[in-house]
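Worksheet: one structure, shown below.
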Amino acid sequence: NIIGATVVLVFCSQLATLSMLGTEYCEAFGCRLGFGGIMSIIASILWLISAIGVFLIPKPVESTPTTRQTAGEMINITETIQLDGTKVTEKVTTSPDGTKTIERTIEKNGVEQPVHGESIAHAIVMKADEP
């Protein structure tokens with residue numbers, strides 16, 4: 276994740292600003308941790324929290340639609356992988372007379388799940404001009 280790596284780099288750079296306190300200049304002139312140093316520590320902590328948050332955000336849902344046409348029927352298949360890893364496959368078949376058949380399967384952890392308490396794959400037939 277490039278954004279997470281960038282935020283980690285910013286965290287390290289912010290924290291590195293405190294390394295000046297250990298230089299010969301500070302030893303010679305007696306530097307101490309003042310308001311700016313405290314703000315730098317607070318900023319470093321906030322950058323670290325931001326980096327952790329970026330790495331904890333789940334990846335977005337992926338969807339891959341495919342369409343094919345055979346013998347007058349048009350078949351549109353959409354596979355969606357949800358944030359919890361559930362794979363939802365929806366197959367819409369449009370017949371030449373305008374009727375549509377919709378089949379939906381849900382697969383979680385490699386096992387097909389019932390759809391709304393019905394069978395694993397159910398079909399709904401409707402006319403194309405119906406809502």
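Numbering-wise (this note's numbering), the sequence shown opens with residue 276 and increments by one.
Glycine is no exception: its CB is placed at the ideal position from the N, C-alpha and C atoms.
It should be emphasised that the depicted structure is a prediction, and the values quoted were computed from it without experimental measurement.
Kindly list the residues whose CB is nearer than 8 Å to the CB of residue i, restricted to its own chain and excluding five residues on each side of it in sequence; keep chain order.
| i | result |
| --- | --- |
| Met410 | Here the chain has residues from 276 to 406 only, and residue 410 is not among them. |
| Ala291 | none |
| Gln289 | Ser315, Ala318, Ser319 and Trp322 |
| Pro371 | Gly347 and Glu348 |
Please list the terminal residues of the continuous alpha helix (DSSP H) segment that includes residue i.
| i | result |
| --- | --- |
| Thr281 | Ile277 to Ala291 |
| Met314 | Phe310 to Leu331 |
| Cys306 | From DSSP, Cys306 is part of no alpha helix (DSSP H); its letter is neither H nor E. |
If you check the beta carbons only, do residue i and residue j fall under 9 Å apart?
| i | j | result |
| --- | --- | --- |
| Asn384 | Phe330 | no |
| Val282 | Ala326 | yes |
| Pro333 | Asn351 | no |
By DSSP's criteria, residue i is part of a beta bridge. Which residues make up the other side?
| i | result |
| --- | --- |
| Met349 | Gln344 and Thr369 |
| Thr355 | Ser338 and Val363 |
So, for residue i: in the same chain, excluding its five sequence neighbours on each side, which residues have a beta-carbon less than 6 Å away from its beta-carbon?
| i | result |
| --- | --- |
| Met349 | Thr369 |
| Gln388 | Ile381 |
| Leu323 | Phe286 |
| Ile278 | Val329 |
May I ask which residues mark the beginning and end of the beta strand (DSSP E) holding residue i?
| i | result |
| --- | --- |
| Ile237 | In the structure as shown, the chain begins at 276 and stops at 406. Residue 237 is therefore absent and cannot be evaluated. |
| Gln388 | Val386 to Gln388 |
Could you check how far apart the C-beta atoms of residue i and residue j are, in whole angstroms? I think they sit under 8 Å.
| i | j | result |
| --- | --- | --- |
| Ser315 | Leu293 | 6 Å |
| Val367 | Ile377 | 5 Å |
If I measure Cβ to Cβ from residue i and keep anything under 7 Å in the same chain, skipping five residues before and after, which residues do I get?
| i | result |
| --- | --- |
| Phe304 | none |
| Ala280 | none |
| Arg343 | Ile350 |
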